[in-house]
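Student: I am attaching a structure below and will ask some questions about it afterwards.
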Ligand code: ADP
Ligand code: ADP
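In this note's numbering, the protein residues as written are 333 to 541.
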């Protein structure tokens with residue numbers, strides 16, 4: 333299946349993606365993860381990316397589009413993919429349409445996780461991740477095992493100030509994708525509040541329905 337995960341920062345896309353990729357055996361393509369890897373590896377592009385991510389701003393479309401175009405051509409994507417964090421602008425969505433048309437592919441679903449901004453602040457400021465496994469925890473909602481707590485890290489953009497910027501970007505540049513995909517008949521709305529297992533069951537209901 334060719335899937336897109338849409339939703340504001342902290343909606344639970346990464347958490348839910350783990351279950352979806354296990355069940356449907358498709359790769360998760362997270363543009364945020366690819367961008368953070370480039371920053372960590374100090375590549376020339378990484379330095380440019382960091383100026384945007386630190387400010388809570390979107391990276392320019394052409395850079396992200398090229399990254400995704402290369403990634404979708406790889407062998408592991410030929411049977412399907414889960415895009416997490418892309419597209420984030422209408423221009424990116426149009427570029428994706430072009431990539432898919434060229435490959436003779438069509439989207440199956442755009443999964444929109446709906447969560448109010450007030451909930452997102454607590455989710456994002458309490459998010460911690462394990463650099464060894466990539467697992468994501470929450471200090472209150474999904475506390476890590478005691479023996480790994482010391483090695484967990486917090487993303488530098490997961491502060492309340494930067495989150496406000498990211499939410500502004502989401503509402504002004506990404507939310508227009510909701511009517512865009514609704515008009516094409518791909519949009520599936522999923523209530524993103526509840527236990528992660530409840531939300532997984534709602535998502536599986538859509539994907540297996
Ligand atoms: P979130 O947890 O907010 O959904 P991500 O990990 O997806 O965050 O993205 C982190 C940052 O990486 C964004 O704030 C943005 O600067 C950049 N980024 C990720 N994906 C995109 C994209 N598709 N277009 C532009 N910038 C992106
Ligand atoms: P996104 O990828 O959309 O930015 P994450 O999956 O990283 O979101 O989730 C953000 C934070 O919220 C993480 O700390 C995660 O453990 C926590 N979280 C995820 N799903 C839920 C949920 N259903 N209820 C409470 N907290 C959650």
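Note that beta-carbon positions come from the ideal geometry of N, C-alpha and C, so glycine has one too.
Say whether the stretch 419 to 428 touches the stretch 502 to 517, bearing in mind that this needs 3 or more beta-carbon pairs closer than 8 Å, one atom from each stretch.
Tutor: Output reads yes: the stretch 502 to 517 touches the stretch 419 to 428.
Student: State whether the stretch 427 to 444 contacts the stretch 514 to 524, with contact taken as three or more CB pairs (one from each stretch) at a distance under 8 Å.
Tutor: Yes, the stretch 427 to 444 is in contact with the stretch 514 to 524.
Student: When you compare only the Cα positions, how much space is there between residue 395 and residue 336?
Tutor: In a straight line, the C-alpha of residue 395 is about 19 Å away from that of residue 336.
Student: Hey, quick one: how far does the alpha helix (DSSP H) through residue 536 stretch, first residue to last?
Tutor: That run of the alpha helix (DSSP H) goes 528 to 540.
Student: For the alpha helix (DSSP H) containing residue 497, name the first residue and the last one.
Tutor: That run of the alpha helix (DSSP H) goes 492 to 501.
Student: Beta carbon of residue 384: closer than 7 Å to some heavy atom of ligand 1?
Tutor: Answer for residue 384: yes, Cβ within range of ligand 1.
Student: Give every residue of the same chain whose Cβ lies closer than 8 Å to the Cβ of residue 522, excluding the five residues on either side of it in the sequence, and list them in chain order.
Tutor: Here the set comprises 443, 444, 445, 446, 531, 534, 535 and 538.
Student: Below 8 Å on the Cβ atoms is my guess for residue 404 versus residue 358; work out the distance and round it to an integer in Å.
Tutor: Their Cβ separation, rounded to whole angstroms, is 12 Å, which puts residue 404 and residue 358 out of contact at 8 Å.
Student: If you drop the 5 nearest sequence neighbours on each side, which residues of the same chain put their C-beta closer than 8 Å to that of residue 470?
Tutor: Closer than 8 Å at Cβ, skipping near neighbours: 455, 458, 459 and 460.
Student: Residue 474 to residue 364, Cα distance in whole Å?
Tutor: Using only the alpha carbons, I get a separation of about 21 Å.
Student: Fully enclosed by the stretch 406 to 464, which alpha helix (DSSP H) runs are 4 residues long or longer?
Tutor: Counting whole runs of 4 or more residues, the stretch 406 to 464 contains the alpha helix (DSSP H) stretches 422 to 434 and 449 to 457.
Student: Hey, out of 488, 462 and 514, whose CA is closest to residue 479's CA?
Tutor: If we check each option's Cα against that of residue 479, 462 comes out closest.
Student: Going by DSSP, what residues sit across from residue 361 in a beta bridge?
Tutor: DSSP, once it has assigned bridges, lists 415 as partnering residue 361.
Student: Looking at the structure shown, is residue 469 part of a helix, part of a strand, or coil, going by DSSP?
Tutor: In this structure, residue 469 counts as strand in the three-state DSSP scheme.
Student: Look at the alpha carbon of residue 556 and the alpha carbon of residue 352, and state the distance between them as a whole number of angstroms.
Tutor: In the structure as shown, the chain starts at 333 and stops at 541, and residue 556 therefore has no counterpart that could be examined.
Student: For the alpha helix (DSSP H) that contains residue 353, what are its first and last residues?
Tutor: First-last of the alpha helix (DSSP H) with residue 353: 345 to 356.
Student: Should residue 367 be counted as a contact of ligand 1 given a C-beta to heavy atom distance under 7 Å?
Tutor: Yes, Cβ of residue 367 sits closer than 7 Å to a heavy atom of ligand 1.
Student: Closest to residue 464 by CA distance: which of 484, 453, 448 and 452 is it?
Tutor: Out of 484, 453, 448 and 452, 484 has the C-alpha closest to the C-alpha of residue 464.
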